[in-house]
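Student: Mind having a look at this structure? Questions to follow.
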DNA sequence: CTAGTTCTCGTCAAGATGACGAGATATGGT
DNA sequence: ACCATATCTCGTCATCTTGACGAGAACTAG
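Residue numbers (the numbering used here), protein chains in the order written: chain A, 4 to 233; chain B, 4 to 233.
Next comes the structure, spelled out in structure tokens:
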């Protein structure tokens with residue numbers, strides 16, 4: 004068997020939620036060097052016999068207390084610049100997690116602290132700022148052509164809740180009437196439950212749950228950013 | 004410094020082109036065990052001080068003779084199941100390469116042979132069948148909302164050439180008149196050169212080159228696959 | 001010269017979108 | 001009780017985009 008150069012392999016997690024009308028990311032404060040005391044993405048080493056998605060689920064539970072299977076998880080990208088970790092050669096597989104509004108996470112594992120931070124966040128350890136930016140852009144793009152926005156909502160939600168997700172993630176207001184027409188007209192996106200919201204302001208709204216669709220056809224496009232005026 | 008489990012890290016390449024009116028992938032025949040004699044994706048170990056995209060470019064040149072910078076290259080996904088290589092624990096970062104029609108590649112490095120194969124191809128070594136399928140699906144999806152189809156074409160090409168790319172990658176016929184209207188109406192997709200094609204059948208067509216656009220707004224959607232009749 | 005092929009420009013109906021009106025039904029303040 | 005306000009839901013209308021297709025222009029093959 005030929006020799007091969009040994010690498011450390013880690014998973015890093017971009018965990019996004021919508022809280023208080025804003026897109027927020029889960030950060031942990033590092034307890035150990037390098038970057039001790041700095042904010043970073045949750046993550047850690049992959050174990051010798053562990054699959055990559057399993058490592059992501061385990062780190063999510065260990066460092067934040069979020070249970071497995073409670074959120075959407077997908078691979079984001081892999082980051083392996085030779086100098087990204089001063090200790091050794093590390094290749095990090097980043098995962099994107101979209102979660103409904105959850106209680107404030109508990110710190111655990113190597114984390115001295117954990118919190119939700121509104122994006123954009125300040126400077127992070129390692130290349131985690133870039134990883135987070137890539138995750139946010141992936142989430143923004145996926146809202147256009149998948150029903151993934153519902154992953155930010157609880158099991159039952161109103162169309163207004165769903166619109167608030169789009170507005171928070173995209174950072175722009177949407178017309179409530181056109182949004183209602185679009186999502187109710189996309190087969191498989193939403194299923195009405197027959198129940199109604201209570202206690203909110205204004206007229207009660209029908210509650211919906213996620214439908215079986217995996218694609219939005221046609222997609223719901225963001226208004227393209229306008230070129231600066233000359 | 005804590006101990007960490009050592010992994011081998013490789014890059015695998017999904018190199019796609021359009022030849023003879025069909026989407027084709029670059030395969031190499033393995034010279035060494037495991038899977039000696041079987042067809043596989045080109046790839047190899049990442050060197051200790053080498054960045055991941057650099058390793059992808061190097062392997063592309065070594066194993067196939069394709070020069071650097073001659074094609075679009077992007078990261079596809081990372082595959083790291085514990086048993087995907089019988090020798091050791093390997094994490095493989097797959098890259099997607101979209102190339103214009105190039106001469107038949109030469110074998111090199113660990114490859115006993117190299118050839119273009121129409122997709123879908125037969126069984127491949129390791130989990131390369133899955134990786135290739137993921138790469139093909141990524142390419143098909145990206146044609147919808149990016150001008151990436153032009154990466155399959157030479158520097159100057161006709162709109163008919165471009166339509167042939169879409170038809171080959173998607174495997175369906177498209178209406179020439181609607182396609183012409185769509186691509187000429189997408190600002191930044193194509194730039195006319197003022198020159199004209201020669202020697203083909205039918206009326207000569209104007210030659211175009213790639214424009215500066217990076218997105219297609221609105222996208223050119225594939226007709227959604229129809230559900231089987233009941 | 002004729003048949004066949006391909007490019008390019010038009011036409012028309014159907015569908016999707018953006019802008020906005022308006023009634024229904026809740027809450028909260030006076 | 002009454003009114004202002006907020007939100008949900010359904011409609012209207014002009015505009016844009018798409019799919020289906022007609023038709024002439026400009027070439028090659030025989």
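Ideal Cβ placement from N, Cα and C applies to all residues, glycine included.
#1: To be precise: take each residue of the stretch 145 to 166 of chain B, compare its Cβ to all Cβ atoms of chain A, and keep it if any distance is under 7 Å. Which residues remain?
#2: With a Cβ-Cβ cutoff of 9 Å, do residue 113 (chain B) and residue 35 (chain B) count as a contact?
#3: What does a CB cutoff of less than 6 Å around residue 83 (chain A) pick up in its chain, not counting 5 residues either side in sequence?
#4: Tell me the rounded alpha-carbon separation between residue 143 (chain A) and residue 12 (chain A).
#5: For the stretch 7 to 19 of chain B, enumerate the residues whose C-beta is nearer than 7 Å to any C-beta of chain A, in chain order.
#6: Whole angstroms is fine: what's the gap from residue 170 (chain B)'s alpha carbon to residue 182 (chain B)'s?
#7: Residue 78 (chain A) and residue 81 (chain B) - do their beta-carbons sit closer together than 9 Å?
#8: For the putative contact between residue 158 (chain B) and residue 212 (chain B), defined by C-beta atoms under 8 Å, what is the C-beta separation to the nearest angstrom?
#9: Would you list the residues sitting across from residue 27 (chain B) in a DSSP beta bridge?
#10: Mind checking who residue 212 (chain B) pairs with in its DSSP beta bridge?
#11: Can you look up residue 205 (chain B) in the DSSP assignment and give me helix, strand or coil?
#12: Given that residue 53 (chain B) touches chain A, what residues does it touch there, using C-beta distances under 8 Å?
#13: So, is the C-beta of residue 223 (chain B) closer than 9 Å to a C-beta in chain A?
#14: Specify, as a first and last residue, the run of the alpha helix (DSSP H) that residue 168 (chain B) falls within.
#15: Tell me, please, whether the CB atom of residue 141 (chain B) is closer than 9 Å to any CB atom in chain A?
#16: Output, in chain order, the set of chain B residues within a Cβ distance shorter than 8 Å of residue 96 (chain A).
#17: Starting from residue 186 (chain B), trace the alpha helix (DSSP H) in both directions and tell me its first and last residue.
#18: Just to check my reading of the structure: residue 43 (chain A) and residue 31 (chain A) have Cβ atoms closer than 8 Å, yes? What is that Cβ distance to the nearest angstrom?
#19: Give the straight-line distance between the Cα atoms of residue 209 (chain B) and residue 164 (chain A), rounded to the nearest whole angstrom.
#20: Counting only Cβ-Cβ distances shorter than 8 Å, please list the residues of the stretch 23 to 54 of chain B near chain A, keeping chain order.
#21: Can a CB atom of chain A be found closer than 9 Å to the CB of residue 67 (chain B)?
#22: Leaving out the 5 sequence neighbours to the left and right, which residues in its chain are closer than 8 Å to residue 90 (chain A) when beta-carbon positions are compared?
#23: Looking only at C-alpha atoms, which of B:6, B:185 and B:19 sits nearest to residue 156 (chain B)?
#24: My output table needs one value for residue 114 (chain A): the three-state DSSP class, helix, strand or coil.
Tutor: Based on what the coordinates show:
#1: Hits within the stretch: zero.
#2: Yes.
#3: Once the five neighbours on either side are set aside, the close Cβ partners of residue 83 (chain A) are 94.
#4: Approximately 27 Å, taken between the alpha carbons.
#5: Correct list: 7, 8, 9, 10, 11 and 12.
#6: Cα to Cα, residue 170 (chain B) sits roughly 11 Å from residue 182 (chain B).
#7: Contact: yes.
#8: In this structure, residue 158 (chain B) and residue 212 (chain B) form a Cβ contact; the two beta carbons are roughly 6 Å apart against a cut-off of 8 Å.
#9: Residue pairing by DSSP places residue 27 (chain B) opposite B:20 and B:121 in a beta bridge.
#10: DSSP output for residue 212 (chain B) lists B:194 as bridge partner(s).
#11: DSSP, reduced to helix, strand and coil, places residue 205 (chain B) outside both helices and strands of the structure shown, so it counts as coil.
#12: Ordered by position in chain A, the residues that pass the 8 Å Cβ test against residue 53 (chain B) are 85.
#13: At a cut-off of 9 Å between beta carbons, residue 223 (chain B) makes no contact with chain A.
#14: Boundaries of the alpha helix (DSSP H) harbouring residue 168 (chain B): 162 to 173, taken from the DSSP string.
#15: Chain A contact via Cβ: absent.
#16: 81, 83 and 94, listed in chain order.
#17: For residue 186 (chain B), the uninterrupted alpha helix (DSSP H) segment begins and ends at 179 to 188.
#18: Contact between residue 43 (chain A) and residue 31 (chain A) holds, since their C-beta atoms are separated by about 6 Å, short of 8 Å.
#19: Residue 209 (chain B) and residue 164 (chain A) have their C-alpha atoms some 50 Å from each other.
#20: Flagged, chain order: 48, 49, 50, 51, 52, 53 and 54.
#21: For residue 67 (chain B), the nearest beta carbon of chain A is not closer than 9 Å to its own beta carbon.
#22: Answer for residue 90 (chain A): 37, listed in chain order.
#23: Residue B:19 is the option with its Cα nearest to residue 156 (chain B).
#24: Here residue 114 (chain A) sits in strand by DSSP.
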